[in-house]
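Novice:
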Amino acid sequence: MPAEFNAPTQKWLTVVGIGEDGVAGLGDEAKRAISAAAHVFGGKRHLALAAELVRGAARPWPTPFDSEMREVVALRGENVCVLASGDPFLHGVGVTLARVVPPAEMRVLPVPSAFSLAASRLGWALQDVETVSLHGHAIDLIRPLLQPAARIIALTSDGEAPASIARLVVDSGFGASCLTVLEALGGASERLRTATAESFDLENINPLNVLALELESSPQARVLPLVSGLADDLFEHDGQITKREIRAVTLSTLAPRRGELLWDIGAGSGSISIEWMLCHHSLRAIAIEHNADRAERIARNANACGVPGLTVVSGAAPDALAGLPTPDVIFVGGGGSETGVFDAAIAALRPGGRLVANAVTLEMEALLLARHAALGGEMLRLQVSRAASVGSMTGWRPAMPVTQWSWAKP
Numbered sequence: 001m002p003a004e005f006n007a008p009t010q011k012w013l014t015v016v017g018i019g020e021d022g023v024a025g026l027g028d029e030a031k032r033a034i035s036a037a038a039h040v041f042g043g044k045r046h047l048a049l050a051a052e053l054v055r056g057a058a059r060p061w062p063t064p065f066d067s068e069m070r071e072v073v074a075l076r077g078e079n080v081c082v083l084a085s086g087d088p089f090l091h092g093v094g095v096t097l098a099r100v101v102p103p104a105e106m107r108v109l110p111v112p113s114a115f116s117l118a119a120s121r122l123g124w125a126l127q128d129v130e131t132v133s134l135h136g137h138a139i140d141l142i143r144p145l146l147q148p149a150a151r152i153i154a155l156t157s158d159g160e161a162p163a164s165i166a167r168l169v170v171d172s173g174f175g176a177s178c179l180t181v182l183e184a185l186g187g188a189s190e191r192l193r194t195a196t197a198e199s200f201d202l203e204n205i206n207p208l209n210v211l212a213l214e215l216e217s218s219p220q221a222r223v224l225p226l227v228s229g230l231a232d233d234l235f236e237h238d239g240q241i242t243k244r245e246i247r248a249v250t251l252s253t254l255a256p257r258r259g260e261l262l263w264d265i266g267a268g269s270g271s272i273s274i275e276w277m278l279c280h281h282s283l284r285a286i287a288i289e290h291n292a293d294r295a296e297r298i299a300r301n302a303n304a305c306g307v308p309g310l311t312v313v314s315g316a317a318p319d320a321l322a323g324l325p326t327p328d329v330i331f332v333g334g335g336g337s338e339t340g341v342f343d344a345a346i347a348a349l350r351p352g353g354r355l356v357a358n359a360v361t362l363e364m365e366a367l368l369l370a371r372h373a374a375l376g377g378e379m380l381r382l383q384v385s386r387a388a389s390v391g392s393m394t395g396w397r398p399a400m401p402v403t404q405w406s407w408a409k410p
């Protein structure tokens, strides 16, 4: 942490959370902060809610929004106030401000978040509820949360989003689920309306809304298990896929840690990078695939599995690796036998980073054996057999064995 984040300093910036009840919901300290500020920043709606208190210059956010907060930072040392929705540090502008303004220079006065207000209206224990922000994000992010009997509270982008989410829920086999739209929470126009996903017909929904879901699954529901090793049929593929059992062991060897970036070289269906990202919301992945059809398929699989943030690079390694962000972990599942791939991957990997490679061909296995002899690491042979019919009886039918090399860069 930079030294200035800990140094004693003037608190020149006050971040005030404001709800739909406007000034009536603010405490005395928040009211004084707004009135005393020489500059008050916020969205047009926030500035309108607090208009009677604003004595200084009202500064609506620029379009497009400046994530560097240059106008705010330029006023360092003056009396500045920023208005935010509810709790500024829960999917709010406070997070953006904290990247450019040390916390020691800020005073933050939150009010209840939309999640808190929704839980209080429904009588739900917030600690037992899944929460997700779909505001400005793809609604596919909700897919991993679609679990039997789960409760979800989702921030939405606009009045059309609840119907879109309802359709997604129905398509996933959760049509009997109860959906409650909570509109303009805390304000004079607050309204709660409920419908099942399969009969969702609510209209004229306030753009400022939260959607609460009580999930009820059908036997055919598309549920993403909470452990690695998703069923192969959850992915669209042409046969180029790391099979379920091998994938589960491979994810264990890759050993994801919070915030890490994975390169998935020769990604095929994208199953490895998708399951990597499903392990934790902070994990990132880049899938590199030279076959254009497969690259498009990876993007579809990423959306269908609820990780639309997966980056897909259509191109052949090693050339396609140039200019990509430095990886913490690399998986080589295909194309590793091409000249220069391993050299480029090892050079790109950060010190202390991990590399895992799987081989099903003798040529690729020979490369892994050579790398193991030169660099060390661990070698593993994986073999899976499945019961299958042998005439009128049953026997074991072995799948192709997989050789796995794992190595950590010194």
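262 is the number that the UniProt record's numbering gives to position 262 of the sequence shown; each next residue is one higher, with no gaps.
Quick reminder that beta carbons are idealized off the backbone N, C-alpha and C, glycines included.
Buried or exposed for residue 410, please, with buried defined as at least 16 other CB atoms from any protein chain shown within 10 angstroms of its CB.
Specialist: Answer is exposed; the Cβ neighbour count stays below 16.
Novice: Could you give the distance in angstroms between the alpha-carbon of residue 302 and the alpha-carbon of residue 262?
Specialist: Computed Cα separation, rounded: 15 Å.
Novice: Between the region 197 to 208 and the region 246 to 260, do at least 3 Cβ pairs fall closer than 8 Å?
Specialist: No contact exists between the region 197 to 208 and the region 246 to 260.
Novice: Give a yes or no on whether the C-beta atoms belonging to residue 186 and residue 77 are separated by under 9 Å.
Specialist: No, they are not a contact pair.
Novice: At 3 residues or longer, and completely inside the region 161 to 238: list those beta strand (DSSP E) runs for me, N to C.
Specialist: Here the runs fully enclosed are 178 to 183, 191 to 196 and 209 to 214.
Novice: Let's test the definition: count the other Cβ atoms within 10 Å of the Cβ of residue 400 and tell me whether it reaches 16, buried, or not, exposed.
Specialist: That one is exposed.
Novice: Specify whether the region 229 to 244 and the region 189 to 198 touch according to this definition: at least 3 beta carbon pairs, one from each stretch, less than 8 Å apart.
Specialist: Flag = no, the region 229 to 244 and the region 189 to 198 do not touch.
Novice: Quick check: what's the CA-CA separation for residue 131 versus residue 14?
Specialist: Cα-Cα distance, rounded: 27 Å.
Novice: Would you decide whether residue 235 is buried or exposed? Buried here means 16 or more other CB atoms lie within 10 Å of its CB.
Specialist: Its Cβ being crowded by 16 or more others within 10 Å, residue 235 is buried.
Novice: With a threshold of 6 Å on Cβ separation, who are the neighbours of residue 390 within its own chain once the five nearest residues in sequence on each side are excluded?
Specialist: There are no such residues.
Novice: Applying the 10 Å Cβ sphere with the 16-neighbour rule, what's the burial state of residue 362?
Specialist: Residue 362 is exposed by the Cβ-count criterion.
Novice: May I ask you to list the residues that DSSP assigns as paired with residue 79?
Specialist: Paired residue(s): none; residue 79 is not in a bridge.
Novice: Measure the alpha-carbon distance for residue 144 versus residue 227 and round it to whole angstroms.
Specialist: So the alpha carbons of these two residues sit roughly 11 Å apart.
Novice: Under three-state DSSP, which class holds residue 123?
Specialist: Looking at residue 123 - three-state DSSP - the assignment turns out to be coil, as it is neither helix nor strand.
Novice: Tell me whether the region 312 to 327 and the region 348 to 362 touch, counting them as touching only if at least three CB pairs, one residue from each stretch, are closer than 8 Å.
Specialist: They touch, by the three-pair rule.
Novice: By DSSP's criteria, residue 106 is part of a beta bridge. Which residues make up the other side?
Specialist: Beta-bridge pairing links residue 106 to 13.
Novice: Could you name the residues of the same chain whose beta carbon sits closer than 7 Å to that of residue 124, not counting the 5 residues immediately before and after it, in chain order?
Specialist: Here the set comprises 151.
Novice: Can you tell me whether DSSP reads residue 5 as helix, strand or coil?
Specialist: Caution is warranted here: a pLDDT of 46 is assigned to residue 5, below 50, making its placement in the model unreliable, and no coordinate value can be reported.
Novice: Mind checking whether residue 253 and residue 406 have CB atoms under 9 Å apart?
Specialist: Cβ distance < 9 Å, so residue 253 and residue 406 count as in contact.
Novice: Measure the alpha-carbon distance for residue 88 versus residue 117 and round it to whole angstroms.
Specialist: Approximately 15 Å, taken between the alpha carbons.
Novice: Going by DSSP, what residue range makes up the alpha helix (DSSP H) through residue 73?
Specialist: From DSSP, the alpha helix (DSSP H) with residue 73 extends over 70 to 73.
Novice: Note down, in chain order, each residue of its chain lying with its Cβ closer than 6 Å to the Cβ of residue 8, except the 5 sequence neighbours on either side.
Specialist: Because the pLDDT of residue 8 is 49, which lies under 50, any placement of that residue in the model is unreliable, and the number read from its coordinates should be weighed accordingly. Cβ within range, chain order: n/a, list empty.
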